[in-house]
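Each step along the sequence shown adds one to the number in the UniProt record's numbering, with nothing skipped, and position 147 is 147. Even for Gly, the Cβ is constructed at its ideal location relative to N, Cα and C. Quick caveat, the model's predicted, so the values are computed rather than measured.
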Amino acid sequence: QTNITVIGLTASFVLYTRSAGVAYFAAGAVFSSLSVKFGLKKIIRQPRPPHIPGRKVKVSYGMPSTHAASISYFATYILLASIYLPIHSTFRPGLMFRILPPLITLPWAVTIVMSRVWLGHHTWLQVFAGSSYGIVLALVWFKLWTCGVNAVGKVVEEMVNDWMAGR
Numbered sequence: 001q002t003n004i005t006v007i008g009l010t011a012s013f014v015l016y017t018r019s020a021g022v023a024y025f026a027a028g029a030v031f032s033s034l035s036v037k038f039g040l041k042k043i044i045r046q047p048r049p050p051h052i053p054g055r056k057v058k059v060s061y062g063m064p065s066t067h068a069a070s071i072s073y074f075a076t077y078i079l080l081a082s083i084y085l086p087i088h089s090t091f092r093p094g095l096m097f098r099i100l101p102p103l104i105t106l107p108w109a110v111t112i113v114m115s116r117v118w119l120g121h122h123t124w125l126q127v128f129a130g131s132s133y134g135i136v137l138a139l140v141w142f143k144l145w146t147c148g149v150n151a152v153g154k155v156v157e158e159m160v161n162d163w164m165a166g167r
């Protein structure tokens, strides 16, 4: 259950850092998933590939792949954040926090996307469409953050930290 793992790791990271930037990133991931699942799939209505005997039948539409969209969003945003954003104060500055996150998430994302086809849940076109959506959304979401949303995030983060400190 990849989605449970990703949700759990993201929630833990948000709680650990109490970072508005990480919460914003997580909100983008949720938006990616929900907009595909309850928006694009309902509009496009393309079925999944033919059922493979012995496998559980999925009853939802296949185009675009929600898993591919979400994990591509994750990998792209994490890559951009590792390159362009300052390292959060809860971590020590250093090359490890610039290189390690993309080194983990990029191969993980590729494996998840490809597994959707290998497992018979999607076609290559469906995972390509999902991945493309996730990448474009991450680029736009990141640009919004760096063009001004981060200023609001900083204020919110300070308010949360003050509240938690009892000030």
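Output the boundary residues of the alpha helix (DSSP H) element that contains T76. By one-based count along the sequence shown, residue 76 stands at place 76. Segment 66–84, the alpha helix (DSSP H) holding T76.
State yes or no: is the C-beta of Y133 within less than 8 Å of the C-beta of A81? Against the sequence shown, residue 133 aligns to sequence position 133. Against the sequence shown, residue 81 aligns to sequence position 81. Taking 8 Å as the cut-off, the Cβ atoms of Y133 and A81 do not count as close.
Extent of the continuous alpha helix (DSSP H) run through L106: As a working mapping, residue 106 is identified with position 106 in the sequence shown. Under the DSSP assignment, L106 falls in the alpha helix (DSSP H) whose first and last residues are 96–118.
For S65, collect the residues of the same chain with a Cβ closer than 6 Å to its Cβ; drop the 5 residues on either side in sequence, then sort them by chain order. Start at 1 with the first residue of the sequence shown, and residue 65 comes out as number 65. Closer than 6 Å at Cβ, skipping near neighbours: R116, H122, Q126, V127, G130.
Report the rounded CA-to-CA distance for V36 versus N150, giving the unit in angstroms. Residue numbering aside, residue 36 sits at position 36 when the sequence shown is read from its first letter. Residue numbering aside, residue 150 sits at position 150 when the sequence shown is read from its first letter. Cα to Cα, V36 sits roughly 25 Å from N150.
To the nearest angstrom, how far is it from the Cα of S32 to the Cα of G94? For this step, residue 32 is matched to residue 32 along the sequence shown. For this step, residue 94 is matched to residue 94 along the sequence shown. So the two alpha carbons sit approximately 30 Å from each other.
Looking only at C-alpha atoms, which of A11, L139, Q46 sits nearest to Y84? Residue 84 sits at position 84 when you count from the first residue of the sequence shown. With distances taken between Cα atoms, Y84 lies closest to L139.
CB P101 to CB I78, shorter than 8 Å? Against the sequence shown, residue 101 aligns to sequence position 101. Against the sequence shown, residue 78 aligns to sequence position 78. Annotated as proximal: P101 and I78, with beta-carbon spacing under 8 Å.
Using CA coordinates, which residue listed in S60, I43, V113 is at the minimum distance from H51? Start at 1 with the first residue of the sequence shown, and residue 51 comes out as number 51. The shortest C-alpha separation from H51 is found at S60.
Quick one: what does DSSP say T5 is sitting in, helix, strand or coil? Numbered from its first residue, the sequence shown carries residue 5 at position 5. Residue state, collapsed to three classes: helix.
Going by Cα to Cα distance, which pick from G8, W108, A23 is closest to I71? By one-based count along the sequence shown, residue 71 stands at place 71. Checking every option, the nearest Cα to that of I71 belongs to W108.
Contact belief for G62 with R48 at Cβ below 8 Å, rounded distance in angstroms: Residue mapping note: residue 62 aligns to position 62 of the sequence shown, counting from 1. Residue mapping note: residue 48 aligns to position 48 of the sequence shown, counting from 1. So it is a contact: roughly 4 Å between Cβ atoms.
What is the DSSP secondary structure of V22, counted as helix, strand or coil? One-based indexing of the sequence shown puts residue 22 at position 22. Helix.
Let's test the definition: count the other Cβ atoms within 10 Å of the Cβ of T105 and tell me whether it reaches 16, buried, or not, exposed. As a working mapping, residue 105 is identified with position 105 in the sequence shown. Its Cβ being crowded by 16 or more others within 10 Å, T105 is buried.
When the Cα atoms are used, what is the spatial distance from A20 to I4? As a first step, residue 20 is located in the sequence shown; it is residue number 20 there, counting from the start. As a first step, residue 4 is located in the sequence shown; it is residue number 4 there, counting from the start. In a straight line, the C-alpha of A20 is about 22 Å away from that of I4.
When we look at the beta-carbon of L103 and count the other beta-carbons within 10 Å, is it buried (16 or more) or exposed? Residue 103 sits at position 103 when you count from the first residue of the sequence shown. Result: exposed.
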